[in-house]
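Accompanying notes for the structure given below.
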Amino acid sequence: MFRPTNRRVRRTAATAVILALGVGLVPPIASAAGLGGRATGGGAVATGTWGATASVTSMTFTSNTAQTTTVANTGSVALGAESYSVTLTKPFFFTPTVSLFECPVPWERGACPGGTGTRIGGTLVAPTTTTITSTTPLAVGSSTYLQVEPTGVFFLPMTVTLTPEVTSPAQLRAPIRTNR
Amino acid sequence: MTTHRHTSKKERSHGKLVVAGLLTTSAALMATAGVYAGLSATATGAESVSSGSLNLTLSPDVGVGFSNFTGVMAPGDTDNVYVNLNNTGSLASAAGMTLAVAGNPVNALTSGSVPGEGLTISATQCSVAWTLSTGNCSGTTKTILASTTVSSLSAPVALSNIPALVAATGQVAHVQVSLGLAATETSVNGVAPAATVQGLSTTLAYTFTEQQRTGVATNQ
Chain A
0 MFRPTNRRVR
10 RTAATAVILA
20 LGVGLVPPIA
30 SAAGLGGRAT
40 GGGAVATGTW
50 GATASVTSMT
60 FTSNTAQTTT
70 VANTGSVALG
80 AESYSVTLTK
90 PFFFTPTVSL
100 FECPVPWERG
110 ACPGGTGTRI
120 GGTLVAPTTT
130 TITSTTPLAV
140 GSSTYLQVEP
150 TGVFFLPMTV
160 TLTPEVTSPA
170 QLRAPIRTNR
Chain B
0 MTTHRHTSKK
10 ERSHGKLVVA
20 GLLTTSAALM
30 ATAGVYAGLS
40 ATATGAESVS
50 SGSLNLTLSP
60 DVGVGFSNFT
70 GVMAPGDTDN
80 VYVNLNNTGS
90 LASAAGMTLA
100 VAGNPVNALT
110 SGSVPGEGLT
120 ISATQCSVAW
130 TLSTGNCSGT
140 TKTILASTTV
150 SSLSAPVALS
160 NIPALVAATG
170 QVAHVQVSLG
180 LAATETSVNG
190 VAPAATVQGL
200 STTLAYTFTE
210 QQRTGVATNQ
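If you want it as structure tokens, here you go:
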């Protein structure tokens, strides 16, 4: 019952011609130069991800009460340092300042349990946009805890945005050399 | 019935004549052919010849050789494997060798789609077997491929400093192949840039190719 149509016949013929041309065009190894020796090997490789994520990236202050955010290493590569892009808006009146402190455990009532927090960066004066860097190593999945401490805020709101940034390779763990 | 018998005898007699004629003609033709065969002459000689082979083999020098890297690579990391390239054929090879590397799947690690980023490969030859624990060569080393992006190795690239890498039959080259990752990227709040080499995987296929020595003209 199957009868090839003219179109099918032409298509089959065209396919055969293309295949024949293809076989002819693929050169055998060193066909013109003589014999060629070839050896092959291989293996799979995968790359990691790097980055830190803040639980809170925007804070609004109407008083000098500190606020906190948790920064976690959400990548698959350990970090040797992290940067924070910080932007302060200036209220119409007053010129508040902000200081950032880091603690290895969550802050409790404004204090770093077991000691004092570590200041990162200098005192920032509103308005400003700047980048400050922490040299705290962060293992994969671990966190560090930041506290933003303002001064000079009276009723009028000041906004602080804080965005973690991780740049490779400088802020990643030390390079690993594998011999296998 | 008698008439029939008489007719058959006549036909038989004619048949005999025909057969005799054919035999005579055949004999005449054969005799003529024999005259021509007698005029030809043949001379023969023999020479045996065998072809050589050109075989390049790849095997681990120390360690596992080419195989899967089970960790995740970060920029600046180096993954070294150690392989032997051996000319096991009966023919010497020409000086020089090429290396091509292909990735499957093709992505930013191997395509060069992110400028300045991707996997890199370098290769160093040691005069003796490498020391796996340290990755050092106790003999002399030659850099045969400086750090090169895999995207630049999609077409065969000539290895340098290897005039006699495996030129002679049975000669072995101890080669350290170093895989690296070049990437300068900033992740913002845990998010990688749109064009990134982060979180990718591929399988690399290395192809080393040598050519036979120049043809030799012999007069004997």
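From first to last, the protein sequence lines are chains A and B.
Counting from 0, one number per residue, gives the positions in the first sequence under numbering that gives the first Met the number 0.
Counting from 0, one number per residue, gives the positions in the second sequence under numbering that gives the first Met the number 0.
We put the beta carbon where it would ideally sit given N, CA and C, even for glycine.
Looking at residue i: is its Cβ nearer than 7 Å to the Cβ of residue j?
i	j	result
threonine 195 of chain B	glutamate 184 of chain B	yes
tryptophan 49 of chain A	glycine 74 of chain A	yes
valine 147 of chain A	leucine 99 of chain A	yes
threonine 158 of chain A	threonine 67 of chain A	no
leucine 180 of chain B	isoleucine 120 of chain B	no
threonine 39 of chain A	threonine 213 of chain B	no
proline 149 of chain A	proline 90 of chain A	no
threonine 168 of chain B	asparagine 86 of chain B	yes
threonine 46 of chain A	leucine 199 of chain B	yes
glutamate 81 of chain A	serine 141 of chain A	no
glutamate 209 of chain B	leucine 98 of chain B	no
serine 62 of chain A	threonine 160 of chain A	no
threonine 143 of chain A	serine 84 of chain A	no
leucine 144 of chain B	glycine 62 of chain B	no
Evaluate residue i with the Cβ neighbour count: other Cβ atoms within 10 Å of its Cβ, from every protein chain shown; 16 or more gives buried, anything less gives exposed.
i	result
threonine 128 of chain A	exposed
serine 50 of chain B	exposed
valine 152 of chain A	buried
valine 215 of chain B	exposed
leucine 24 of chain A	With a pLDDT of 38 at leucine 24 of chain A, under the threshold of 50, the modelled position of that residue is not reliable, and the figure given next carries that caveat. When all chains shown are included, leucine 24 of chain A counts as exposed.
leucine 155 of chain A	exposed
isoleucine 28 of chain A	Confidence at isoleucine 28 of chain A is low in this model, with a pLDDT of 44, below 50, so its placement is unreliable and the value that follows should be read with caution. Flag for isoleucine 28 of chain A reads exposed.
leucine 38 of chain B	exposed
threonine 115 of chain A	exposed
proline 168 of chain A	buried
threonine 133 of chain B	exposed
threonine 109 of chain B	buried
glycine 117 of chain B	buried
valine 48 of chain B	exposed
alanine 110 of chain A	exposed
CA-CA distance, residue i and residue j?
i	j	result
aspartate 60 of chain B	asparagine 218 of chain B	41 Å
methionine 0 of chain A	glycine 36 of chain A	Note that methionine 0 of chain A scores a pLDDT of 38, beneath 50, so its modelled location is shaky and nothing firm can be said.
alanine 51 of chain A	proline 126 of chain A	25 Å
alanine 173 of chain A	glycine 79 of chain A	7 Å
glycine 42 of chain A	phenylalanine 68 of chain B	7 Å
arginine 176 of chain A	aspartate 76 of chain B	6 Å
threonine 135 of chain A	alanine 94 of chain B	53 Å
valine 82 of chain B	asparagine 72 of chain A	37 Å
alanine 73 of chain B	arginine 108 of chain A	38 Å
alanine 79 of chain B	threonine 142 of chain B	Here residue 79 of chain B turns out to be asparagine, not alanine, going by the sequence shown. Spanning the two alpha carbons is a distance of roughly 14 Å.
proline 155 of chain B	methionine 96 of chain B	9 Å
alanine 204 of chain B	serine 52 of chain B	24 Å
valine 76 of chain A	asparagine 135 of chain B	27 Å
glycine 102 of chain B	serine 89 of chain B	32 Å
threonine 92 of chain B	serine 159 of chain B	A quick correction: the sequence has serine, not threonine, at residue 92 of chain B. Serine 92 of chain B and serine 159 of chain B: Cα-Cα distance of roughly 15 Å.
serine 30 of chain A	glutamine 211 of chain B	Confidence in serine 30 of chain A is poor, its pLDDT being 40 and thus under 50, which makes the residue's placement too unreliable to answer from.
arginine 118 of chain A	glutamate 164 of chain A	18 Å
alanine 44 of chain A	alanine 53 of chain A	Contrary to the premise, residue 44 of chain A reads as valine rather than alanine in this sequence. Going by the C-alpha atoms only, they are around 30 Å apart.
valine 105 of chain B	glutamine 197 of chain B	14 Å
arginine 179 of chain A	glycine 115 of chain B	27 Å
serine 112 of chain B	glycine 64 of chain B	29 Å
glycine 138 of chain B	serine 58 of chain B	20 Å
alanine 193 of chain B	valine 100 of chain B	26 Å
threonine 140 of chain B	valine 71 of chain B	29 Å
threonine 122 of chain A	tryptophan 129 of chain B	54 Å
alanine 182 of chain B	valine 190 of chain B	15 Å
valine 139 of chain A	leucine 171 of chain A	11 Å
phenylalanine 93 of chain A	alanine 107 of chain B	50 Å
Taking 6 Å as the line, does the beta carbon of residue i fall inside it for any heavy atom of the ligand ADP?
i	result
glycine 102 of chain B	Ligands are entirely absent from the displayed structure, and the ligand ADP is therefore not among its contents.
Run down chain D in chain order and give the residues with a C-beta less than 8 Å from the C-beta of residue i.
i	result
valine 63 of chain B	Of the protein chains in the structure, A and B, none is chain D.
For the region 166-192 of chain B, which residues have a beta carbon sitting closer than 7 Å to at least one beta carbon of chain A?
Leu178, Leu180, Ala182, Thr183, Glu184, Thr185, Ser186, Val187, Asn188, Gly189, Val190 and Ala191
Counting beta carbon pairs with one atom in the region 142-154 of chain B and one in the region 42-51 of chain B, are three or more of them shorter than 8 Å?
no
What are the residues of the region 44-56 of chain B that lie near chain A, defined by any Cβ-Cβ distance shorter than 7 Å?
Leu53, Asn54, Leu55 and Thr56
Would you list, in chain order, the members of the region 65-91 of chain B that have their beta-carbon closer than 8 Å to a beta-carbon of chain A?
Phe65, Ser66, Asn67, Phe68, Gly70, Val71, Met72, Ala73, Pro74, Gly75, Asp76, Thr77, Asp78, Asn79, Val80, Tyr81, Val82, Leu84, Asn86, Gly88 and Leu90
Contacting positions in the region 89-109 of chain B - beta carbon closer than 7 Å to chain A
Leu90, Ser92 and Leu108
For the region 109-129 of chain B against the region 166-179 of chain B, do three or more pairs of beta-carbon atoms, one drawn from each stretch, fall closer than 8 Å, so that the two count as touching?
yes
Mind checking the region 196-219 of chain B against chain A and listing, in chain order, the residues whose C-beta falls within less than 9 Å of any C-beta there?
Val196, Gln197, Gly198, Leu199, Ser200, Thr201, Thr202, Leu203, Ala204, Tyr205, Thr206, Phe207, Thr208, Glu209, Gln210, Gln211, Arg212, Thr213 and Gly214
Contact list for the region 80-106 of chain A against chain B, Cβ threshold 7 Å:
none
Using a beta-carbon distance cut-off of less than 8 Å, what residues from the region 130-148 of chain B approach chain A?
Leu131, Ser132, Thr133 and Gly134
Counting only Cβ-Cβ distances shorter than 7 Å, please list the residues of the region 38-69 of chain A near chain B, keeping chain order.
Ala38, Thr39, Gly40, Gly41, Gly42, Ala43, Val44, Ala45, Thr46, Gly47, Thr48, Trp49, Gly50, Ala51, Thr52, Ala53 and Thr56
Please list, in chain order, the residues of the region 112-123 of chain B that have any C-beta partner in chain A closer than 8 Å.
Leu118
Of all the residues that make up the region 144-170 of chain A, which are near chain B by a beta-carbon distance shorter than 8 Å?
Thr162, Pro163, Glu164, Val165, Thr166, Ser167 and Pro168
In the region 132-143 of chain A, which residues sit with their C-beta less than 8 Å from some C-beta in chain B, listed in chain order?
none
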